[in-house]
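Peer 1: Per our numbering, the very first residue in the sequence shown carries number -3; after that it's consecutive.
All residues carry an ideal CB built from backbone N, CA and C; glycine is no exception.
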Amino acid sequence: MASNMDRGLPSGASNSLRLNNTVHPNIEQWRGPIESAAQTTGVPASVIGGVMYQESRGYDNVNTTQNQQRGRDAGLMQVNDATLVDMRQKHSHEFAGKSGHEENILAGAYYLKENYDTFGRWDLARRGYNSGPQAVDRTNAHNINPQYPDGDRDYIQHTDEFIDALSNGKPLRP
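1) Restricting to Cα atoms, I'd like to know which of Ser12, Gly28, Asp148 is closest to Ala41.
2) Report the rounded CA-to-CA distance for Leu120 versus Gly93, giving the unit in angstroms.
3) I need the DSSP call for Ala180, collapsed to helix, strand or coil.
4) For Asn126, which three-state DSSP category applies?
5) Pull up the distance between the alpha-carbon of Asn111 and that of Arg134, whole angstroms please.
6) Take Phe91 and list the residues in its own chain whose beta-carbon comes closer than 7 Å to its own, dropping the five residues that flank it on each side.
7) Where Pro6 and Glu157 are concerned, what is the direct C-alpha to C-alpha distance, given to the nearest angstrom?
8) Count the other CB atoms, across all protein chains shown, that sit within 10 Å of the CB of Ser95; report buried if there are 16 or more and exposed otherwise.
9) Helix, strand or coil: which one does DSSP assign to Val132?
10) Which of the three DSSP states, helix, strand or coil, is assigned to Asp111?
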C-alpha cells in the first residue's frame, strides 16, 4: 500500500472522503458539498477543503480573479470559467441540479481528480490546479515551469498545511 508521501499528501493527512469531526468554521459550513464532491469524485475531503481554504478561506463572497493566460477564476474553489464548462461537459450527469457553491466545489474536485489522474500524486494535482497542468514539474511539485509563470510558488506548502490541519482537527491560520 502506498504511503501518503507516495501519493503526494502530507504524512499525517487523511485520504478519507469525509472531513474530520473538528474543522474550521469557514470550512465546516461547506461540509455537505465537500463530502458530496469527495464521494462523487474520490478526491479526499481534506484535499478539497485544503484547496478551498487556500483559494477563498471558505468565504462565499470572495472576489473573482483574472489571470494572464486563462481568464477569470471564481467561487469558493476559484474555478476558471473554461474549466467549469469543461467539467460540466465531461460529467453532465453529476452536475444535474447543481448550481452556485455546490457546482463550484464539484467542479474544483473534478479538476483536482483530472490532475491526479494525469500526474498520479495529490501534490502534483494541486500544482496543476493552481498553475495549470502545463506548468507542472513532475519531479518537484514546489517548482513551476518558468514558461508558464501563473501560480503561487508557495501553493503546495500552504495546501499541505491546510490538508494536514483539516485531517487532524488542528486550527487553520487566517
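Peer 2: The answer reads as follows:
1) Ser12
2) 31 Å
3) With the chain running from -3 to 170 in the structure shown, residue 180 is simply not present.
4) Helix at Asn126.
5) Cα to Cα, the separation comes out at about 12 Å.
6) Arg84, Glu99, Leu102
7) 8 Å
8) Label assigned to Ser95: exposed.
9) strand
10) It is worth fixing the name first, because residue 111 is Asn in this sequence and not Asp. Three-state result, Asn111: helix.
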